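A.B. asks:
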Amino acid sequence: MKILKKSILADVSGLRIVRIDIFAPEIALKAQAGQFVVVMADEKGERIPLTIVDKDINTGSIQLIYQEAGFTTQILSRLKVGDSLYALVGPLGHPTEIKNYGKIILVGGGVGIAEILPVARALKQAGNQITTILGSRNKELLILEEELKNISDRIYIMTDDGSYGQKGFTTEMLKDLLSKDKYDLIYAVGPIPMMKMAAMVSKEYNTRTLVSLNALMVDATGMCGCCRVSVFGDVKFSCVDGPDFDASGVDWDELEKRNKVYSVQEKHICKLKL
Ligand code: FES
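To get our numbering, take the position in the sequence shown, counting from 1, and add 74.
#1: Take the Cβ of S158 as the centre, count every other Cβ of all protein chains shown within 10 Å, and call the residue buried at 16 or more, exposed below.
#2: Do V127 and R93 have their C-beta atoms closer together than 9 Å?
#3: If we ignore side chains and look at the alpha-carbon of each, how far apart do K347 and L290 end up?
#4: Extract the residue ranges of the beta strand (DSSP E) inside the stretch 296-333, only unbroken runs of 3 or more that lie entirely within it.
#5: Within 10 angstroms of its Cβ, does D358 collect 16 or more other Cβ (buried), or is it exposed?
#6: On the CB-based measure, 16 or more other CB atoms within 10 Å of its CB, does C298 come out buried or exposed?
#7: Cβ of S312 versus every heavy atom of the ligand FES: is any distance shorter than 8 Å?
#8: Grouping DSSP H, G and I as helix and E and B as strand, with all else coil, what is E265?
#9: Just to confirm, are L78 and S135 a CB contact at a threshold of 9 Å?
#10: What is the rounded straight-line gap between the Cα of P99 and the Cα of D255?
#11: Please classify K198: does DSSP put it in a helix, a strand, or coil?
#12: Span of the alpha helix (DSSP H) holding A115?
#13: Any contact of the stretch 262-278 with the stretch 173-191, i.e. 3+ C-beta pairs under 8 Å?
#14: So does M291 have its beta carbon nearer than 8 Å to some heavy atom of the ligand FES?
#15: If you follow the alpha helix (DSSP H) that M291 is in, where does it begin and where does it stop?
#16: How many angstroms separate the CA atom of D327 from the CA atom of K173?
#17: Identify the residues that DSSP records as bridge partners of S226: which are they?
#18: Around the Cβ of L215, are there at least 16 other Cβ atoms within 10 angstroms (buried) or fewer (exposed)?
#19: Could you check how far apart the C-beta atoms of L180 and A194 are, in whole angstroms? I think they sit under 8 Å.
Structure (structure tokens):
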């Protein structure tokens, strides 16, 4: 569980996106696209789920990417190369269903781009034609463009402020593409409002859409109920039933509310301890 490498992918006014390679040979052997690990940075830290972005069986390492978005990720960032995580569990969750669907659109927003990379690789290997839409607030916060360019047949970049690619949201480009051509699957990962909008747009064009949900987790083994989501009216747990779900069935408003439950405490702890 030692940190082998660490690099900063983006750093804009203190908003950093960090990549770490961790020595975890057993996880590297088994991990498949779409799966995640749960990380505890220190003994008293909370547990956070992070997608396995890449793995290297030869070095026995896995690669994780996270944005410093709160107290725990900032604690994680204090660890240096050579330090060890307190705990690491995985691979968890169902792998993304990989097969030859045909024509696929991948939509990645913000740090969600890291989550579509392993899925893009696997879907390309399965023979799919890949169109990728990446979105970020601005040019500096865009990550993994080269890696996804190499995998994709076509790629579109959207930035909120127009500093790179086209000005606008990923879902505007999604709507544009769907209005011109037929696609067999959409896979979208990013902020909840983005995934919710992707679900609405794809429903309009009757195209199946999968999303990887970033619900809050505690034990990540289906025991605590923290990651509960409603999908087609049924109660599901993101950790053991997901993280991929059919976007058209997700109760987005409920998920949005549940993910904000600790936002006040989070700000309070950050002020107290950092
Ligand atoms: Fe506890 Fe999923 S994190 S049930």
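Every residue, glycine too, gets a C-beta built ideally from N, C-alpha and C. Note that the structure is a prediction, hence the values are computed from the model and not measured.
C.D. replies: Taking the structure as given:
#1: Exposed, by the Cβ-count rule.
#2: Cβ distance < 9 Å, so V127 and R93 count as in contact.
#3: Annotation note: pLDDT 47 at K347 (below 50); position unreliable, coordinate value reported separately. Whole-angstrom Cα-Cα distance: 21 Å.
#4: Here the runs fully enclosed are 302-305, 308-311 and 318-320.
#5: With the chain running from 75 to 348 in the structure shown, residue 358 is simply not present.
#6: Exposed.
#7: At a threshold of 8 Å, S312 counts as near the ligand FES, since its beta carbon sits closer than that to one of the ligand's heavy atoms.
#8: In the sequence as displayed, the identity of residue 265 is Pro instead of Glu. Coil, per DSSP.
#9: For the 9 Å CB-CB criterion, L78 and S135 form a contact.
#10: Each residue's alpha carbon lies about 43 Å from the other.
#11: Correct three-state label for K198: helix.
#12: Note, A115: premise wrong, no alpha helix (DSSP H); not H, not E.
#13: Flag = yes, the stretch 262-278 and the stretch 173-191 touch.
#14: Checking every heavy atom of the ligand FES against the Cβ of M291, one is found closer than 8 Å.
#15: First-last for M291: undefined, no H or E at that position.
#16: One C-alpha to the other measures close to 31 Å.
#17: According to DSSP, which records beta bridges pairwise, S226 is partnered with nothing at all.
#18: So L215 counts as buried.
#19: With a beta-carbon spacing of about 5 Å, L180 and A194 fall inside the 8 Å limit used to define contacts.
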